[in-house]
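Take 51 as the starting number for the sequence shown in our numbering and just add one per residue.
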Amino acid sequence: MPADHDAVSADARVVEAEPASVPGRFRRVMAWLGPDFGMVAAFTVALAILVVAYGGSYKWQEGPILISAAIAVILVAARFFWRAPSIVMNRPGARAEFHRATVTILRDWGPVIMIMWLFQSLETYTGVIRKTSIDTYLYRADLWLFGVEPTVWLSKHSTPLLTDYMSFAYGSYFIVPMILATMLSLRGRREDFREMMTALVLQMGIGFFLFLLFPAGPPRYYAPLLDGVFDPPVLHSYFGLFELQQGAFDNAAPARTRASFPSLHCSMALLTLIYSYRFSEAVWPRRPRLWFWIVLVLMISLWISVVYLRHHWVVDMFAGLAVGALANWLAPILRRRWPKLRTAAL
């Protein structure tokens, strides 16, 4: 907690040193926003344009939105109860410190909350701008690469317990990075936290624009599969996790059938793995590599699960890994070069 306070105070002193001119004020605003909020602003403009052109469609109750918002609220509440005795006793600086900490938490978590809302809303526009899908090309690419359709081959080796585990791994794609992000936030590692958030926001943005350019559905919705020409075995789970998850997907908006390429589950899993390797000690300082090894097993399982559960073609997975690698490369560059404001950034 004290690290947050020191960082905010130091940054605030730098920002206050900016000139009061219009360019100076603009630089202060840009410094406070940073590349993560800057990209969110760009995606907000994109959503506004699409709403005007094609009508409105917003989503507020999706799992990732609620999870990230809940974490931010819990962190603010925890900070309040931590400082409550000092605030009640009206100790000098207690209220100001709590206010600064609250602004810091909401500013840092704001981009991930907003990008999940924007992404879930923007996703409904896939297949609207370009109406033809590339499903058949992805199917043929899988056959060309492997000689068989991997989703069919894997399902022939399925078991109910394995299907449950694959469903668990697939569903962990957002929860695991949020655990790491929460620990970074609690330990006051703002630069590490914001670099990670910048990468996550960036990969969501890249993925969205690729969804618009290359609308594609998952193998489980591929027409020849439904017509019986391409006939993999039916999957069943032991504990019912797969059926619960599959039912949620099948009852979701039709956009789910046009948002497969690239696999953002795979890109986020790669980023989670990279940042878990770099920042593993933030979770378990006494055993700094334990978190990474747990995440490694889970993320490899997730990569297999996207094909096993027929959520993605293998080509989708490769594209997702490329998007994740690109976001990982660009995030620190954006943080360093963001209008030469890094020294003033909050």
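Glycine is no exception: its CB is placed at the ideal position from the N, C-alpha and C atoms.
- Cβ contact annotation for Ala332 (same chain, cutoff 6 Å, sequence separation greater than five): Met233, Leu234, Arg237, in chain order.
- Residue pairing by DSSP places Ala266 opposite Ala309 in a beta bridge.
- For the 8 Å CB-CB criterion, Pro268 and His362 form a contact.
- Using a C-beta cut-off of 8 Å, the segment 237 to 255 makes contact with the segment 146 to 166, since at least three inter-stretch Cβ pairs fall below that distance.
- The straight-line gap separating the alpha-carbon atoms of Leu262 and Leu294 is approximately 28 Å.
- Leu352: member of the alpha helix (DSSP H) spanning 340 to 358, first to last residue.
- Less than 8 Å separates the beta-carbon of Leu260 from that of Pro312.
- Annotation: Thr182 is outside any alpha helix (DSSP H) and is labelled neither H nor E by DSSP.
- Contact between Pro265 and Thr176 holds, with the beta-carbon distance rounding to 5 Å and staying under 8 Å.
- Just so you know, the alpha carbons of Ser183 and Arg339 end up roughly 42 Å apart.
- In the structure shown, the three-state DSSP call for Arg337 is coil.
- The beta carbon of Val79 is closer than 7 Å to none in its chain, skipping five residues each way along the sequence.
- In the structure shown, Trp363 falls within a coil segment according to DSSP collapsed to helix, strand and coil.
- If you check the CB distance, Leu323 and Val356 do not come in under 8 Å.
- In this structure, DSSP gives Ser208 a state outside helix and strand, which the three-state scheme calls coil.
- Following the DSSP letters along the chain, one finds Phe329 inside the alpha helix (DSSP H) bounded by residues 314 to 329.
- Ile155 sits buried, since 16 or more C-beta atoms from the chains shown fall within 10 Å of its C-beta.
- Relative to the Cα of Tyr272, the nearest Cα in the group Leu195, Ser287, Ser310 belongs to Ser310.
- Excluding its 5 nearest sequence neighbours in each direction, Met216 has C-beta neighbours in its own chain below 8 Å: Phe292, Ser351, Ile354, Ser355, Tyr358, Leu359, listed in chain order.
- Nearest neighbour of Ser171 by Cα position, chosen from Ala372, Met247, Ile229, Thr94, turns out to be Thr94.
- About 6 Å separates the Cβ atoms of Gly84 and Trp388, confirming a contact at the 8 Å cut-off.
- Distance from the CA of Glu199 to the CA of Ala98, rounded to the nearest whole angstrom, comes to 40 Å.
- By the CB criterion at 8 Å, Val373 and Leu188 fall outside the cutoff.
- Taking C-beta separations shorter than 7 Å and ignoring five residues to either side along the sequence, the partners of Tyr325 in its chain run Leu230, Met246, following chain order.
- Our two residues, Phe243 and Arg385, have alpha carbons roughly 12 Å apart in a direct line.
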